[in-house]
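J.: Here's a structure for you.
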C-alpha cells in the first residue's frame with residue numbers, strides 16, 4: 010500500500026469558519042391588495058383573469074330582430090338536371106356518363122344547401138406581479154396617481170384572427186420591497202459549501218489521504 014498525505018490533517022487541523030447565512034425566517038408578505046382593481050393578483054406566471062366590464066358588452070335585448078329572409082328556390086326541369094349530371098360526370102376522369110344519360114327521374118325535390126365557416130375573435134386580460142432587482146431607477150408608485158383598471162389600459166389593436174400576446178406595465182403600481190430571498194443582505198447562501206467557505210474533496214472524501222493499490 011502507498012499512502013499519500015496525512016490522514017490527520019482534516020481531523021486535527023483548524024476547523025473552517027462557519028458563516029451564518031442571513032436568511033429571513035419568513036418572506037415578507039407581498040401586499041397586493043393595495044392596488045384598486047387588481048386585488049388577488051399573485052406573484053408568478055399564472056396571473057389573474059379579469060372579465061370584461063358589463064358596460065363593454067353589447068346589450069342584446071335592445072337590438073331588433075333581423076327580418077326574415079325570403080328564399081326563392083329556382084325550379085329546374087328534368088332535362089336541365091340531366092345535363093348538369095352529365096357535365097359533372099364528364100369533369101371526372103374515371104366517371105362514366107352512361108348512368109347520367111340513361112337516368113330516369115322519379116321525383117325532383119329542390120333543397121337549400123348551406124356551407125359556412127364560423128370564426129370568432131376574442132380578447133382576454135390578466136395581470137401578475139413581476140419582480141426585478143432595484144438599481145436606483147425612478148419608481149412609478151401610487152404617489153403619481155391611481156392605476157388604470159385592466160380594461161382601461163390602451164393596447165394597440167393587433168391583426169385580427171391571429172394569436173397575439175401583449176405585455177404592458179401597469180402605470181403607478183411599482184413598489185420597492187425587501188428581497189425575501191436574501192433578507193435585504195444582498196447575499197445568498199452557497200448551496201455547494203453550505204456557508205463553510207470550502208468544499209469537500211471528491212478524491213479523498215474529506216479524509217486528507219488518498220490510497221492506491223500497488
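Residue numbers (this note's numbering): 10 to 223. We put the beta carbon where it would ideally sit given N, CA and C, even for glycine. Model, not experiment: these values are computed from the prediction.
Around the C-beta of residue 156, are 16 or more other C-beta atoms found within 10 angstroms, so that it is buried, or is it exposed?
T.: So residue 156 ends up on the buried side.
J.: How long is the line joining the alpha carbons of residue 173 and residue 198, rounded to whole angstroms?
T.: One C-alpha to the other measures close to 40 Å.
J.: Determine the closest residue to residue 188 out of 178, 140, 152, with distance taken between C-alpha atoms.
T.: The option with the nearest alpha carbon to residue 188 is 140.
J.: The beta strand (DSSP E) with residue 58 in it runs from where to where?
T.: Residues 57 to 59.
J.: So, is residue 159 buried or exposed, given that buried needs 16 or more other C-beta atoms within 10 angstroms?
T.: Looking at its Cβ environment, which holds 16 or more other Cβ atoms inside 10 Å, residue 159 is buried.
J.: How many angstroms separate the CA atom of residue 109 from the CA atom of residue 93?
T.: Near 9 Å, if we compare the C-alpha coordinates of residue 93 and residue 109.
J.: Who pairs with residue 52 in a beta bridge, going by DSSP?
T.: According to DSSP, residue 52 bridges with 138.
J.: Tell me, please, whether the segment 55 to 64 touches the segment 129 to 140 by the rule of three or more beta-carbon pairs shorter than 8 Å.
T.: Because the criterion of three Cβ pairs below 8 Å is met, the segment 55 to 64 and the segment 129 to 140 touch.
J.: Would residue 99 and residue 106 be called neighbours here (beta carbons separated by less than 9 Å)?
T.: Going by C-beta atoms, residue 99 is nearer than 9 Å to residue 106.
J.: For residue 8 and residue 87, what's the separation of their Cα atoms in angstroms?
T.: What is shown of the chain runs 10 to 223, which leaves residue 8 out entirely.
J.: Secondary structure at residue 63, three-state DSSP: helix, strand or coil?
T.: Note: residue 63 maps to helix in three-state DSSP.
J.: Can you name the start and end residues of the alpha helix (DSSP H) that residue 108 belongs to?
T.: Its alpha helix (DSSP H) spans residues 107 to 110.
J.: What's the gap between the Cα of residue 180 and the Cα of residue 149?
T.: Answer to the nearest angstrom: the Cα atoms are 7 Å apart.
J.: Does DSSP classify residue 198 as helix, strand or coil?
T.: DSSP places residue 198 in coil when its eight states are reduced to three.
J.: Grab the span of the alpha helix (DSSP H) containing residue 94 for me, first residue to last.
T.: Unbroken alpha helix (DSSP H) run through residue 94: 87 to 99.
J.: How is residue 123 classed by DSSP in three states: helix, strand or coil?
T.: Coil, per DSSP.
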